[in-house]
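2 protein chains.
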Amino acid sequence: MAQKTNDFAPKKVPKQARSRATFDAIVEACARLLVERGYRALTTNHIAETAGVSIGSLYEYFGDKDVVVYEVVRRTAVGFSEDAARPVSTLQGVPVAAGVRAWLGALLEAIRSREPLMRAIAADVPAHLRDPHIREAWERHLAIARAAYRLAGDQVREDRAEEVSFLVVTLVDAALTRLVLDPPPDVDEATVLDELGTRVIDWVAPRR
Amino acid sequence: MAQKTNDFAPKKVPKQARSRATFDAIVEACARLLVERGYRALTTNHIAETAGVSIGSLYEYFGDKDVVVYEVVRRTAVGFSEDAARPVSTLQGVPVAAGVRAWLGALLEAIRSREPLMRAIAADVPAHLRDPHIREAWERHLAIARAAYRLAGDQVREDRAEEVSFLVVTLVDAALTRLVLDPPPDVDEATVLDELGTRVIDWVAPRR
DNA sequence: TGGTAACCTGAGCAATCGCTCGGCTTTACT
DNA sequence: AGTAAAGCCGAGCGATTGCTCAGGTTACCA
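Protein sequences, first through last, are from chains A and B.
The numbering of the first sequence is this note's numbering, which starts it at 128 and goes up by one.
The numbering of the second sequence is this note's numbering, which starts it at 128 and goes up by one.
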């Protein structure tokens with residue numbers, strides 16, 4: 128059977144320390160060029176040159192250009208999810224309001240600390256390279272939302288759980304991303320954060 | 128002074144009926160190929176062939192490939208904005224709740240009727256070709272929101288107007304787009320719409 | 001009806017880019 | 001020390017693509 132997995136996995140895993148450094152140098156060079164010149168100007172020759180390795184070495188590990196980009200996006204998404212999830216995992220027993228605000232703060236910081244890369248990825252990287260990771264990150268967001276729901280016990284509403292989660296995560300994600308990557312004029316960031324927090328809290332845990 | 132306008136305006140405007148047809152055929156062929164094969168597989172030769180005109184004619188009107196794509200995106204965005212705005216303009220004197228739901232319905236329909244093109248554009252078209260139009264559409268959304276505010280008079284809250292508009296438009300835009308282009312499982316569309324409407328209404332016009 | 005401007009044609013050039021391959025160097029292991 | 005495996009090199013091939021240009025056709029108007 129023809130294995131037509133549309134997988135962008137590296138074609139070979141480096142085993143020695145030297146080759147792991149080569150591998151990483153390539154990925155990092157790709158990230159740098161992505162930020163500095165954008166996806167469209169990316170060439171394998173250029174990546175290899177920037178990484179200080181030969182084009183042959185690049186093709187030792189990566190089947191083609193998009194595999195390198197895929198790896199860059201993967202690392203970014205994984206780091207992002209970890210940063211976003213970390214402060215939330217220690218929230219057992221905390222009131223919903225504090226939990227929500229902690230969540231918002233962590234997400235904002237996770238975006239802000241990766242601003243240039245996230246901007247470059249969102250701008251130009253083709254969807255088929257982004258989507259798997261965005262989908263995963265999305266799943267993790269929803270998992271956090273569901274876990275928070277469980278932790279919050281009877282503080283939160285229980286009807287329409289899926290729909291409310293969907294809308295809340297959509298709102299938070301879109302608003303924070305836009306706030307960092309494309310801040311609108313005449314909008315005060317602190318005010319937006321406060322208003323956003325207030326509304327989300329009121330949404331999931333309306334005072335009875 | 129070197130005129131380095133990063134403008135993607137067509138290099139020449141067709142004057143006769145025949146050439147206007149050529150121009151349109153090129154734009155439409157580009158839209159079709161964008162949907163069927165995606166931005167990356169787009170070539171000027173292929174666009175011309177699909178349009179049934181020669182490659183020379185294409186370059187008569189469009190400086191390069193991206194100018195054609197830019198025009199496709201422009202037309203899509205303009206049509207979208209018109210569809211989204213139309214039902215809202217006749218809302219003088221209507222209660223806020225009805226206005227909001229009309230707005231949501233119009234937006235949803237405007238997205239849905241362009242689903243394949245919007246998906247193709249969002250997936251692969253580079254940001255520098257999309258952004259000007261997205262920004263414009265965004266401005267029109269905000270204008271609608273502000274106009275609605277004015278029409279609604281004392282029915283709506285007045286503090287934090289800019290921030291609330293920003294968040295509401297972000298939420299509505301992201302939620303509806305995602306709902307059509309990437310519908311999550313386990314989420315009921317009608318329920319989402321109802322919940323979204325309820326929350327938006329309660330957000331901008333809380334019952335006192 | 002003749003001339004000019006607008007419009008159209010398509011073979012093919014120049015440049016780029018992804019990727020290969022034959023051969024060399026370093027590391028790991030016995 | 002010897003050898004095999006892993007890693008590395010980079011000139012250059014093959015294919016593609018954006019775009020030009022010299023010359024033809026159609027529409028407009030005096």
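All C-beta atoms in this analysis are idealised placements derived from N, C-alpha and C, irrespective of residue type, glycine included.
Since the structure is predicted, the reported quantities are computational estimates derived from the model, not experimental observations.
Span separating the alpha-carbon of residue i from that of residue j
{"i": "Ile271 of chain A", "j": "Pro311 of chain B", "result": "16 angstroms"}
{"i": "Gly183 of chain A", "j": "Thr149 of chain A", "result": "12 angstroms"}
{"i": "Ala136 of chain A", "j": "Phe207 of chain A", "result": "20 angstroms"}
{"i": "Ala288 of chain A", "j": "Pro214 of chain B", "result": "31 angstroms"}
{"i": "Ala152 of chain B", "j": "Leu231 of chain B", "result": "33 angstroms"}
{"i": "Val252 of chain A", "j": "Pro253 of chain B", "result": "8 angstroms"}
{"i": "Arg257 of chain B", "j": "Leu244 of chain B", "result": "13 angstroms"}
{"i": "Asn172 of chain B", "j": "Val140 of chain B", "result": "21 angstroms"}
{"i": "Arg241 of chain B", "j": "Glu266 of chain B", "result": "20 angstroms"}
{"i": "Gln130 of chain A", "j": "Leu218 of chain A", "result": "Caution is warranted here: a pLDDT of 39 is assigned to Gln130 of chain A, below 50, making its placement in the model unreliable, and the coordinate value is therefore given only provisionally. Cα to Cα, the separation comes out at about 44 angstroms."}
{"i": "Gly220 of chain B", "j": "Leu294 of chain B", "result": "24 angstroms"}
{"i": "Ala279 of chain A", "j": "Glu285 of chain A", "result": "11 angstroms"}
{"i": "Ala351 of chain B", "j": "Arg145 of chain A", "result": "What is shown of chain B runs 128 to 335, which leaves residue 351 of chain B out entirely."}
{"i": "Arg334 of chain B", "j": "Gly324 of chain B", "result": "15 angstroms"}
{"i": "Gly179 of chain A", "j": "Phe189 of chain A", "result": "16 angstroms"}
{"i": "Arg164 of chain A", "j": "Gly165 of chain B", "result": "22 angstroms"}
{"i": "Asp315 of chain B", "j": "Glu322 of chain B", "result": "11 angstroms"}
{"i": "Ser216 of chain B", "j": "Val299 of chain B", "result": "18 angstroms"}
{"i": "His296 of chain B", "j": "Arg228 of chain B", "result": "The residue asked about is misnamed: residue 296 of chain B is Val in this sequence, not His. Each residue's alpha carbon lies about 14 angstroms from the other."}
{"i": "Ile174 of chain A", "j": "Leu185 of chain A", "result": "8 angstroms"}
{"i": "Asp134 of chain B", "j": "His255 of chain B", "result": "10 angstroms"}
{"i": "Glu176 of chain A", "j": "Val194 of chain A", "result": "17 angstroms"}
{"i": "Ala249 of chain B", "j": "Arg277 of chain B", "result": "32 angstroms"}
{"i": "Asp313 of chain A", "j": "Ser181 of chain A", "result": "49 angstroms"}
{"i": "Trp330 of chain B", "j": "Arg167 of chain B", "result": "42 angstroms"}
Contact set for residue i: own chain, Cβ-Cβ below 7 angstroms, skip 5 residues either direction
{"i": "Val199 of chain A", "result": "Val154, Cys157, Ala158, Leu161"}
{"i": "Glu187 of chain B", "result": "Lys139"}
{"i": "Thr304 of chain A", "result": "Ile238"}
{"i": "Arg273 of chain B", "result": "Ser292"}
Cβ-based burial, residue i [other Cβ within 10 Å; buried from 16]
{"i": "Ser292 of chain A", "result": "buried"}
{"i": "Ala275 of chain A", "result": "buried"}
{"i": "Ile328 of chain A", "result": "buried"}
{"i": "Arg262 of chain A", "result": "exposed"}
{"i": "Ala225 of chain B", "result": "exposed"}
{"i": "Asp309 of chain A", "result": "exposed"}
{"i": "Ala317 of chain A", "result": "exposed"}
{"i": "Arg326 of chain B", "result": "buried"}
Sequence-distant residues of its chain with Cβ nearer than 6 angstroms to residue i (five each side left out)
{"i": "Arg239 of chain A", "result": "Val307"}
{"i": "Ala247 of chain B", "result": "Leu161, Val162"}
{"i": "Gln282 of chain A", "result": "Val223, Ala332"}
{"i": "Gln143 of chain A", "result": "none"}
{"i": "Asp210 of chain B", "result": "Ala237"}
{"i": "Leu234 of chain A", "result": "Ala211, Leu303"}
{"i": "Leu320 of chain A", "result": "none"}
{"i": "Ala264 of chain B", "result": "Ala204, Ser208"}
{"i": "Arg147 of chain B", "result": "Pro141"}
{"i": "His268 of chain A", "result": "Val296"}
{"i": "Glu290 of chain A", "result": "none"}
Spatial neighbours of residue i in its chain, beta-carbon cut-off 8 angstroms, leaving aside the 5 residues before and after
{"i": "Leu169 of chain B", "result": "Cys157, Leu160, Leu161, Lys192, Val196"}
{"i": "Arg201 of chain A", "result": "His260"}
Runs of alpha helix (DSSP H) lying entirely within the segment 142-167 of chain A, each at least 4 residues, in chain order: 144-164, all fully within the segment 142-167 of chain A.
Alpha helix (DSSP H) runs contained entirely in the segment 188-275 of chain A, provided each spans 4 or more residues: Counting only unbroken stretches of 4 or more residues, the alpha helix (DSSP H) elements lying wholly within the segment 188-275 of chain A are 192-212, 223-239, 242-251, in sequence order.
Those runs of the alpha helix (DSSP H) which lie wholly inside the segment 290-333 of chain B and span at least 4 residues: Listed in chain order, the complete alpha helix (DSSP H) runs (minimum 4 residues) inside the segment 290-333 of chain B are 316-331.
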